[in-house]
Every structure is written in structure tokens, then in C-alpha cells.
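Note sheet for the following structure.
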Amino acid sequence: PILIAQCTASRFANSTDARALRVELIRRGLSPSCRVHIKKASVAVILGAAQIAWRSFASQGDVVEVKVPEMGDSITEGTILTLMRKPGDYVESEQAVAEVETDKVTVEARSPHAGTIKELFVSEGETVLVGGKFFSIAVGVGEPSVGPPVSTSPAPPPATAAPPATTPSAPSAAPSAASPTAPTAAPAVAPAASASPAEAYAAPRERRVKLTRMRKTIAANLKAAQNELAQLTTFNEIDMTAVNAMRKKYKDDFAKKHEVKFGFQSVFVMAAARALTEQPIVNACISGDDVLYRDYVNIGFAAATPTGLVVPVLRDVQAMSILDIERETGRLAGKAKSGKISLDDLQGSTFSITNGGIFGSLFSTPILTPPQSAILGMHGVFDRPKAVGGQVVIRPMMYVALTYDHRIIDGREAVIVLKRIKEFVEDPVRLLLDV
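The sequence shown lines up with residues 33 to 467 when you count with this note's numbering.
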């Protein structure tokens, strides 16, 4: 609050010069203790505080130049995916003006004021820097418009009408039979259907689509992980009979009482957390010349977004119940599907679970992404013959895979963790009794 109170000068509200802003704040008479914090504060903190203060002190009618906002730690730039507003449009305070794609997540850039947009300094497809010029707005000017946001990208040119077919022998249609909705253009496109194979193959059959920023980052990270880590995968199979029976018996009561669906992935998440606490090296990672042990378990899971797959993080899973896991998974998955996922939701995982079974995968080897040292791969559940008590029976079976960094994790620990996950899932009572 003290920092923001000192940032009332409009000439520093949108400054990109952190040093000048620090000098100005100290000149204004901050206490010695506050000066220490100011000198240690990051550029983002100081400029963010200045921006907040300027929002409070902007008067009606003032034309304010809005900067490209902070989009998360370590993110310095992004690409404008969609401009939702154009000059002359009225926006409410905190209303989205553009979608910005970063290396890790797509975020909505919002207006700090209610008013009319005077000028846009960016365009769709442009790479913008955090703190750069975004748009200007006349504060408090104008009134809300009716209708959904409109993209400012140029509309595609109208299709050129096909020339009329020249068929002298065909009878002319009577004027009275003509109808605006009649498919009279069908004969004009008929020649294309009868094109020779040579002509058909001569037409372009390839197209280029630019990689998104997120996809390029994913590609670079996966290749870097492949080059850096000593990845090895161990496999097992799980009899899903018990967990399927438990889910079938209690899923309706569970949903009725808690208003949350009961899926078996939460059992795997809980089983993995227990196994990782028993073998902490699988939850650790290499940090320089040290092994960094974590006394907590944060598990990432794959979720679909409008721009691709992301990995939200369930935090402190070792202290969660199945209900807690289902609720948090639903919350994060909902944010991902609606495009509202934030960078904080995607950071800090110590272990990941990927479930190719939802797409029908039978078997795969998941790939690690640092700083994690292990990842569990789930697959589809299929009926297969299994030997039980000397008899061949048909059981719902799932193959599971654990990929781990062999630089830090030995085969013994990896196999034990996967075997413990198998034991917990095949007999869920073990999770209750902690045995």
C-alpha cells in the first residue's frame, strides 16, 4: 500500500524505466525500511504497482496509454492471437481486449479502465513485449455497445462468382420459375467434377500453417529433455476389477453427495502420491551438483485447451483425499477448457500423469520434462485373459509405464514405485489402511 501510494505521479504510471521510478519514490520520502524493499523489488513489482496506482487516479476523459501487461514470471513477450476490440469500441474495466499466446499459456489482456479505445498499437500475429505499447483509452468516455466482441482481423475477400455455363442447346428457364434459393449455380461447377486425374493431381495438395508459439516451445523442451536426461521406462499391468467395482458401486452416491464425478484417475493420483512418499528419490530432481528432495507431492495431469494440451498441477496431493483430488482436477480442467488457465496453475509439478487411455491407447512410453524425474503413463482398459489361481479368466486390464531419469533414479526404486501403484489400484482398501 505504501508503494502504491507513492506512485501517484502520472508521468511515472506507465514508465518502463524502473531505475527512474525507484529514484522518484525514494525522493518522495519513503521510510528507510521501504527503501530497502524498493531497491530489492523487481521491475515487474514496481511497474505493476505504478499501473495499479494510475488506474485509481485516472480522471474521466483522460486518454491513457495502456501497456502490455505482465503474463507471468519469466515471460517477456507474447503473440497477439485475437484482437477482441477495435478503435471506437467501449470496454468495461477488466474486460478482455486481446488474447495473447505465450510460450506456456494463452492469456487474456484486459483493460484497466472503462472507456472508449482510441488507438490500437498492436495487430493480430504481432509479437509484443511486456511493458510495450498496447492501446490508448479515453477513460469514462462512451457507453457499452450491444453485441459480441468482434475480431479486428481483415475479413476474407468475397468469393468470385463462377461464369455462367454456356449451353446453347439447353432450354431457357422461365422467368416465373426462377427462385432466389434455387440451386441454379450447380451446372457451373460441374466441369470441375469431371476433371481428369492429371489435372486433379496438378492442383496444390499441401499447405503450410505456422507453428504456434506454444507448440514451438513444447517441441524445443521435449527435444532438450531427450538430449539431457537418461530416460528409461519400466512397465507393468494392473487388474482394474476392484477399482471398477468400487466406482460402479459408489459413483452415484458420490456424485449425489459431493456434486463431483468419481473417476478412477483420482485413485491413480492418490496411489502415486503414496508411492512417491515411500520412495522420495523418485519425487526428487537434480539441481546443479545436488539432489533436491521435495517433502511435498505436486502432480501434473494433461488437460485440453483451445490451443493445445497443458499440464495443470495438483498441489500437496500427499494431503488430499479422493474427493479433494476430484474437485481440484475438475476446477483446473474447467479453467483449461475455457481458456482461463493461468501460468501459476501450470508450474511447480514434481511428478506427472498422462492418460492416453482416453484416446484408446494400449501401450506407450511417456517422455519426461525437467525438472521432474519421473512420469506415469496410463492407458486404455481392455478385457484380456489373465491367470488367476491356476485358471484363465477374462479381466479388465491396463498397461502402465513409468519413465524415469536414470541419472538419479535406479531401476530398483522405479520398479518399486510402479509396483506399489499397482498394489494400491488393485486393492484400494490399501489406500484407506495405508498398508
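Yeah, the Cβ is synthetic: ideal placement off N, Cα and C, and Gly gets one too.
| Query | Result |
| --- | --- |
| Taking the continuous beta strand (DSSP E) assigned at N268, which residues delimit it? | Q263 to D271 |
| Using only the alpha-carbon positions, how far apart do R462 and Y328 sit? | 21 angstroms |
| Write down every uninterrupted run of the alpha helix (DSSP H) in the stretch 269–319 whose length is 4 residues or greater and which is fully enclosed by it, in chain order. | 273–290 and 297–310 |
| So, helix, strand or coil for L254, using DSSP? | helix |
| Please classify D469 as buried or exposed, where buried requires at least 16 neighbouring CB atoms within 10 angstroms. | A query on residue 469 cannot be resolved here, the shown segment of the chain reaching from 33 to 467 and no further. |
| Just how far apart, CA to CA, sit T386 and E175? | 48 angstroms |
| In the DSSP output, what is K418 paired with across the bridge? | V425 |
| Can you tell me whether A197 is helix, strand or coil according to DSSP? | Because the pLDDT at A197 is just 41, under 50, the model does not fix this residue reliably, and the point stays unresolved. |
| By Cβ distance below 6 angstroms, which residues in the same chain neighbour A214 in space, the five residues on each side in sequence not counted? | Reliability fails at A214, whose pLDDT of 42 lies under 50, so the model's placement of it is uncertain and no value is given. |
| What's the gap between the Cα of V137 and the Cα of E360? | 19 angstroms |
| Find the nearest neighbour of G340 within the set M410, G392, I318 and L243, judged by alpha-carbon distance. | L243 |
| Please report how far the alpha carbon of A305 lies from the alpha carbon of Q350, in whole angstroms. | 5 angstroms |
| What residue ranges within the stretch 312–395 form continuous alpha helix (DSSP H) runs of no fewer than 4 residues, ordered along the chain? | 354–369 |
| So for E133, helix, strand or coil by DSSP? | strand |
| Which residue comes first and which comes last in the beta strand (DSSP E) that contains R142? | T138 to R142 |
| Put K99 into one of helix, strand or coil per three-state DSSP. | strand |
| Run the CB neighbour count on Y431, radius 10 Å, all protein chains shown included, and call it buried at 16 or more, exposed below. | buried |
| So what's A235 in DSSP terms, helix, strand or just coil? | coil |
| With a threshold of 8 angstroms on Cβ separation, who are the neighbours of K418 within its own chain once the five nearest residues in sequence on each side are excluded? | D271, V424, V425, I426, R427 and M429 |
| Compute the Euclidean distance between the alpha carbons of I318 and I357, then round it to the nearest angstrom. | 28 angstroms |
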